[in-house]
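Chains B and D are the protein sequences, given in the same order.
Going by numbering that gives the first Met the number 0, the first sequence opens with residue 0, and the numbers climb by one from there.
Going by numbering that gives the first Met the number 0, the second sequence opens with residue 0, and the numbers climb by one from there.
Heads up, the beta-carbon is just placed ideally off N, CA and C, and yes, glycines get one too.
Quick caveat: nothing in here was measured; it's all calculated off a predicted structure.
Presented below is the structure to which this report refers.
Protein chains: 2
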Amino acid sequence: MEVNQTNTEQSILAAAEQIFIQKGFAATRCMEIAAAAGVNHAMLHYYFRTKEVLFNQIFEKKAAQLLNFFVKAFDSDLPFFEKLQIGIETHFDFLVENPRLPLFVFREIIQSQERKQFILQQVFPIGMELLKQIERAFNKEEKKGGVRPVKFFDLLLNIGSLNVFAFVAAQIFFDVEKDRENPEYQKFLNARKKNNVEIIINSLKIQ
Amino acid sequence: MEVNQTNTEQSILAAAEQIFIQKGFAATRCMEIAAAAGVNHAMLHYYFRTKEVLFNQIFEKKAAQLLNFFVKAFDSDLPFFEKLQIGIETHFDFLVENPRLPLFVFREIIQSQERKQFILQQVFPIGMELLKQIERAFNKEEKKGGVRPVKFFDLLLNIGSLNVFAFVAAQIFFDVEKDRENPEYQKFLNARKKNNVEIIINSLKIQ
DNA sequence: TCGCCTGTTAACAGAGTTGTTAAACAAATC
DNA sequence: GATTTGTTTAACAACTCTGTTAACAGGCGA
């Protein structure tokens, strides 16, 4: 072996992840990934055979990450409303670290029937299984009369809507990679986080 | 002239609109648009010179439509909360007819610095001007003490989040073009519309 | 009728993209 | 020190995509 056995493979993966997420499958060129990884473009085909294989590897990892995280964020032992708040905030913080992820996954799902199938058949059922646990806790609280009667599915969609859309909007007004230290950006994020928690809690509290 | 003068241009535009919105700029092939329009692909270049010119024509039209509509939806003379409800519902109904539009615009904004500039400099200011009218009505209501103090910008983001994300989710579970008559899809849409109005109203009402 | 204009087509040029391969090369093993 | 194995490179083949062009068809005015 010459220099770095797995390093080449790793740097291709890292470069591919970044570029694919930013530009999507169709707009990404193999040469560009190779250049970013600092290797000859033949390396991509040596390690991953085709652009599609490389892409799918990243897509599947990221799609799973997105859903698993959503589930894990609600997995704690606190009182219901505290758990909810921490869940929303943790999910939001995950998006701060991965601001482009949701749009990336949605874009590629919508574009390819195969990927849609993959999500619906491979990722979704696993997530659903985990979500049921949280749903039970939620329903228990509902029976106790602590919350307004809302469908759990609607609750999840509401949280997802508010949290995800904050980062879609953020990408219009800010450069989510370079503006991490920008106080305006941080102010925007904090305001949104607080707003989202309030809206959701408000929608569940009995008037 | 041989066959149909302006019909060719129109059918190219119609085909391009559909395919660009579904696949985005990078994934769309000129040949595909030509085939869908039923013309030789040289026609695209005859009428529009380049793929980019054709795309920009559609993008600019759609981006303006998206924002103008958002503004127009809130433009009525009813009491505040009724106006708000009708505004949210009208915006939602617009998305029922254009379910892929938001994701299309966001995707292309994010991908191209030029398009982002176009949105921020050409489209946004016009929308903001119009939005100020609605903001004044909102602030008046706020001063009367009829609503909780919320930043108008946050309110807009909240409505946008909930309405837009409904159609992002819809595209995962349904085929938004073919499922128009599907009762499951209609049930989903009605539930979301009702949910979104409730959440927003709830977030503004004083407890 | 002739020439001109618009719209259309097929063929093609040029650039860029994915994917292949043969050869060089460096370290590990024998 | 020769062999093997894994890694890298340059060159290239095949293909696709965008954009051009030359030829052509029919309508229309001179």
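Within the continuous alpha helix (DSSP H) that includes residue 79 of chain D, where are the two ends? By one-based count along the second sequence, residue 79 of chain D stands at place 80. Note, residue 79 of chain D: alpha helix (DSSP H), 79–96.
Enumerated in chain order, which unbroken segments of the alpha helix (DSSP H) with a length of 4 residues or greater are wholly contained in the segment 95–160 of chain D? 100–110, 112–117 and 123–143
Residue 52 of chain D burial status per 10 Å Cβ neighbour count (16 or more: buried): Translated into positions along the second sequence, residue 52 of chain D becomes position 53. Burial call: exposed.
Relative to the C-alpha of residue 96 of chain B, which candidate in B/17, B/44 and B/43 has its C-alpha closest? Numbered from 1 along the first sequence, position 97 holds the residue referred to as residue 96 of chain B. Nearest C-alpha to residue 96 of chain B: B/17.
With a threshold of 8 Å between beta-carbons, can residue 1 of chain B be considered close to chain D, or not? As a working mapping, residue 1 of chain B is identified with position 2 in the first sequence. With a pLDDT of 43 at residue 1 of chain B, under the threshold of 50, the modelled position of that residue is not reliable, and the figure given next carries that caveat. Not one chain D Cβ lies under 8 Å of residue 1 of chain B.
Could you round the C-beta distance between residue 107 of chain B and residue 192 of chain B to whole angstroms and report it? I think they count as a contact, below 8 Å. Walking along the first sequence from the start, residue 107 of chain B turns up at place 108. Walking along the first sequence from the start, residue 192 of chain B turns up at place 193. Contact doesn't hold; Cβ gap of about 27 Å is too wide.
Between the alpha carbons of residue 47 of chain D and residue 103 of chain D, how many angstroms are there, rounded? One-based indexing of the second sequence puts residue 47 of chain D at position 48. One-based indexing of the second sequence puts residue 103 of chain D at position 104. Roughly 21 Å between the two C-alpha positions.
Cut-off 6 Å between Cβ atoms - residues of its own chain near residue 183 of chain B, not counting five sequence neighbours on either side: Taking the first residue of the first sequence as 1, we reach residue 183 of chain B at position 184. Same-chain partners within the cutoff: there are none.
Do the CB positions of residue 164 of chain D and residue 38 of chain B come within less than 8 Å of each other? Within the second sequence, numbered from 1, the residue matching residue 164 of chain D stands at position 165. Within the first sequence, numbered from 1, the residue matching residue 38 of chain B stands at position 39. Cβ atoms of residue 164 of chain D and residue 38 of chain B: not closer than 8 Å.
To which residues of the same chain is residue 241 of chain D closer than 7 Å at the C-beta, ignoring the five residues directly before and after it? Nothing about residue 241 of chain D can be read from this structure; chain D reaches only from 0 to 206.
Secondary structure at residue 73 of chain B, three-state DSSP: helix, strand or coil? Position 74 of the first sequence holds residue 73 of chain B. If DSSP states are grouped into helix, strand and coil, residue 73 of chain B belongs with coil.
At a cut of 8 Å, does the segment 148–155 of chain B reach the segment 168–178 of chain B through at least three beta carbon pairs? no
Applying the 10 Å Cβ sphere with the 16-neighbour rule, what's the burial state of residue 57 of chain B? Position 58 of the first sequence, counting from 1, holds the residue named residue 57 of chain B. By the 10 Å Cβ count, residue 57 of chain B comes out buried.
Proximal residues of chain D, C-beta to C-beta of residue 37 of chain B below 9 Å: Position 38 of the first sequence, counted from the first residue, corresponds to residue 37 of chain B. By Cβ distance, chain D contributes nothing, its closest Cβ being about 24 Å from residue 37 of chain B, past 9 Å.
Which same chain residues end up closer than 6 Å to residue 79 of chain B when comparing Cβ atoms and leaving out the 5 residues on each side of it in sequence? Residue 79 of chain B sits at position 80 when you count from the first residue of the first sequence. Once the five neighbours on either side are set aside, the close Cβ partners of residue 79 of chain B are 140.
Determine, using beta carbons only, whether residue 194 of chain B comes closer than 8 Å to chain D. Numbered from its first residue, the first sequence carries residue 194 of chain B at position 195. Yes, contact with chain D.
May I ask you to report which of helix, strand or coil DSSP gives residue 169 of chain B? Numbered from 1 along the first sequence, position 170 holds the residue referred to as residue 169 of chain B. Note: residue 169 of chain B maps to helix in three-state DSSP.
CB-CB under 8 Å to residue 170 of chain B, same chain, minus the five flanking residues each way: which ones, in chain order? Along the first sequence, read from residue 1 onward, the residue named residue 170 of chain B stands at position 171. These residues qualify, in order along the chain: 98, 99 and 102.
Excluding five sequence neighbours on each side, which residues of the same chain lie with their C-beta closer than 7 Å to the C-beta of residue 29 of chain D? Taking the second sequence and counting its residues from 1, the one referred to as residue 29 of chain D is at position 30. So the list reads 40, 43 and 50, once near-sequence residues are dropped.
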